[in-house]
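Here the sequence shown stands for residues 214 to 349, where the numbers follow our numbering. Ideal Cβ positions, reconstructed from N, Cα and C, are used throughout, including at glycine. Working notes, beginning with the structure itself.
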Amino acid sequence: MSATATANECAGRVALPGTLVWFEVPAENIQRAQQFYRSLFGWDFTRLPGGKEYWHMNTHSGGGSPDGGMMQKQCPQHTITNYINVASVDASLARVAELGGKVVVPRTEVPGMGAFGICTDTENNTFGLWETTPQA
């Protein structure tokens, strides 16, 4: 999740805790998936710098909904992940475990932007938690 803060910066918004701030779409064929979303919704794609192929999806929402990212699908079970803004990834990961969910990816820092963690809920649905670094 290398570009979550980019979504907030691009939209010029500050997200409240508990709000959806980013989503990621894994794709077996990135060009085919981009063509699908471009044709269906008019979204634009920009490759972000870095080692892994990761694309920013501009949903042109004008701040009404989050933008997203697209990357290579890692396995057949790799599905769309929604990221929810939290005040503290650490506290939220602990709360997920207390409530019967599971931590799949522990707190992971994204330099200059924030940190994220990935969890599953009690029904085995995957979601991400995002904490923006104050200066980001």
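Exposed or buried, what is residue 311 when buried is set at 16 or more other beta-carbons lying within 10 Å of its beta-carbon?
exposed
DSSP three-state call for residue 302: helix, strand or coil?
helix
C-alpha gap between residue 235 and residue 281, whole angstroms
5 angstroms
Contact set for residue 314: own chain, Cβ-Cβ below 8 angstroms, skip 5 residues either direction
332, 333, 334, 335
Segment contact, 8 angstroms Cβ cut-off, at least three pairs: the stretch 285-301 with the stretch 334-348:
yes
Where does residue 224 land, buried or exposed, given buried means 16+ other C-beta within 10 angstroms?
For residue 224, the predicted model reports a pLDDT of 41, less than 50, meaning its position is unreliable; a value from the coordinates is still stated below. Buried, because 16 or more other Cβ atoms sit within 10 Å of the Cβ of residue 224.
So residue 284 and residue 324 are in contact, right, with Cβ under 8 angstroms, and what is the actual spacing, rounded?
In fact, because the Cβ distance is near 18 angstroms, the residues do not count as touching under 8 angstroms.
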